[in-house]
Structures are given as C-alpha cells and as structure tokens.
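Single-structure report; data block below.
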Amino acid sequence: MLAKWTEFAQASVALPADHDGPRWKACVPPIITMQALVAALAELDQLPLAHRPVAIDAAETLLREQLRLIHEAWVGEIIPESITELIEESRQAVFDARHTGLEWRVIDERIEAPNLRPVAEMMIEAGFRGDLHAARAGTALFCGAPLAFFRPALEVNPPDGCAAVEVVGPRQCYRQLDDATGLPVRDVVAGPGDPLQPGAPLLAPMIVDGVLAPSVTLSAPVDVPEPLPVIELA
Numbered sequence: 001m002l003a004k005w006t007e008f009a010q011a012s013v014a015l016p017a018d019h020d021g022p023r024w025k026a027c028v029p030p031i032i033t034m035q036a037l038v039a040a041l042a043e044l045d046q047l048p049l050a051h052r053p054v055a056i057d058a059a060e061t062l063l064r065e066q067l068r069l070i071h072e073a074w075v076g077e078i079i080p081e082s083i084t085e086l087i088e089e090s091r092q093a094v095f096d097a098r099h100t101g102l103e104w105r106v107i108d109e110r111i112e113a114p115n116l117r118p119v120a121e122m123m124i125e126a127g128f129r130g131d132l133h134a135a136r137a138g139t140a141l142f143c144g145a146p147l148a149f150f151r152p153a154l155e156v157n158p159p160d161g162c163a164a165v166e167v168v169g170p171r172q173c174y175r176q177l178d179d180a181t182g183l184p185v186r187d188v189v190a191g192p193g194d195p196l197q198p199g200a201p202l203l204a205p206m207i208v209d210g211v212l213a214p215s216v217t218l219s220a221p222v223d224v225p226e227p228l229p230v231i232e233l234a
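Numbering follows UniProt numbering, with no gaps: position 68 of the sequence shown is 68.
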C-alpha cells in the first residue's frame with residue numbers, strides 16, 4: 001500500500017500548472033493522509049482497548065484538518081467525485097470506529113436477562129465513562145439477540161449463554177407481536193443505520209457518558225414459552 005501512495009505522489013508532479021492542476025497538487029497530501037487513516041482504522045482492533053479512544057480522537061482531528069485543506073483547494077469549485085468518495089470513506093471509517101463497542105450476544109437457545117444494574121454501578125465506580133445499553137432483567141432472549149452493548153468495548157467476560165462480539169452499535173432488539181392474539185411472534189435486531197422497526201424495544205440505556213441513567217420503564221417481561229425466531233437486519 002505504501003508503494004501505491006508513493007506512486008500517486010510521484011505522478012502528481014506531472015500534473016499541469018493550468019486549469020485544475022494546482023488544485024490536485026494541493027490535495028495530494030490530504031488524499032494520501034486520508035488513505036492512510038482509513039487503513040489505520042481498519043486495524044484498530046490490534047490496539048489495546050484502553051488506547052483506542054485516544055486513537056479515534058486523533059483520527060477525527062486529523063480528518064478535519066484534511067477536509068479543511070481539500071475545501072481550501074477547491075473553494076468555489078465542485079470537488080471531484082473521486083475525492084468526495086474518499087472523504088465519505090474516511091468519515092465512515094471514523095464513524096464506525098467511534099461507534100464500535102462490545103455486544104453480549106445470546107448464543108444459547110434461550111436465556112433470561114440478568115440484572116445488570118449492579119454491574120453498571122460497579123463500572124462507574126471503576127471509572128467507566130462510556131455507554132451501556134441492556135435488556136431489562138427477566139426478559140427472555142433468544143439466540144442471536146443482544147443482551148447488552150458497551151461502548152467503548154471492555155475486556156469483560158459475558159454471562160453464561162452469551163458471547164462477546166465487537167459491533168458498530170448499539171443494536172436494538174424489537175419484540176414484535178401478532179396483531180390478532182397479542183402474543184410475541186419474532187424478535188428483529190436492527191443496527192443504528194437500519195430503519196426504525198415496529199415492536200417493543202428490549203434494550204434501554206443504563207449508562208450514558210459515564211453517568212447512571214434513570215431507570216427506563218420498558219414493557220414488563222412477557223412469558224414466552226417457545227423460542228422466538230431472531231431476524232438480524234444488522
């Protein structure tokens with residue numbers, strides 16, 4: 001990849017001095033920097049969890065500076081599509097890095113959600129300054145559904161019946177009911193980029209920016225005698 005960027009920089013020397021040549025030359029450093037930023041964020045999982053927030057902040061600051069340079073170069077003109085595509089790719093990479101966290105995902109056929117509020121209180125006392133979304137205690141959850149989501153990701157072991165998975169989130173689980181009987185028929189799991197789904201949301205904020213959230217009144221856990229299908233949109 002370094003060879004590709006070097007070749008791109010060398011080719012920029014041959015750009016004409018008239019028309020848009022100077023604009024393109026001015027954009028060479030920010031273009032290479034944004035390409036490097038996207039590549040670095042793709043390998044963010046190689047950093048220790050504790051170091052990732054600082055790295056993401058630095059990437060966001062670096063991206064803002066490259067965008068400033070590009071807009072200065074093309075002031076009063078339409079930015080070429082190839083550059084705007086790279087800008088969107090860079091923004092998406094920063095967004096995904098910023099919103100990636102750890103999900104406790106159900107892998108057993110069925111579990112009953114434990115009470116995570118005492119865990120949340122201990123996390124805050126230990127200095128956690130992120131977010132936690134969790135299902136209400138006693139809620140029946142089925143294979144593929146999220147029990148909880150931590151952002152930033154934490155090195156914590158999930159409860160029995162769950163696996164720890166890094167995702168861009170939080171993902172929400174919507175319990176959908178049959179219109180005729182009022183009984184649950186399926187759970188739909190949607191990510192932050194998916195359309196709002198009908199149904200009762202099963203996860204609620206428990207910690208927001210390191211502060212314990214007030215208890216949110218969710219629908220009381222409904223007895224679900226049979227496993228529900230879990231449809232994952234994200």
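For glycine and all other residues, C-beta sits at the position ideal for the given N, C-alpha and C.
Since we're looking at a predicted model, the values are computed, not measured.
Pairwise C-alpha distance: Cys27 and Pro114: 53 Å
According to DSSP, is Trp104 helix, strand or coil? strand
Have a look at Gln66, Ala148, Ile70 and Asp194 and flag the residue whose alpha-carbon is nearest the alpha-carbon of Glu166. Ala148
Between which residues of its own chain and Leu69 is the CB-CB distance below 8 Å, once the five residues before and five after are set aside? Ala26, Cys27, Pro29 and Pro30
Rounded to whole angstroms, what is the Cα-Cα separation between Leu132 and Pro170? Roughly 9 Å between the two C-alpha positions.
Just to confirm the assignment, what range does the beta strand (DSSP E) spanning Glu112 have? Arg110 to Glu112 is the span of the beta strand (DSSP E), which, as asked, contains Glu112.
Using DSSP's beta-bridge definition, name the partner residues of His133. Phe149 and Pro205
Run of the alpha helix (DSSP H) containing Val189, from where it starts to where it stops: No alpha helix (DSSP H) contains Val189, which is instead part of the beta strand (DSSP E) from Pro184 to Ala190.
So for Val211, helix, strand or coil by DSSP? strand
So, using beta-carbon positions, are Glu109 and Cys143 closer together than 7 Å? yes
Determine the closest residue to Leu154 out of Trp74, His19 and Leu102, with distance taken between C-alpha atoms. Leu102
Three CB pairs or more closer than 8 Å across the segment 120-138 and the segment 82-96: no
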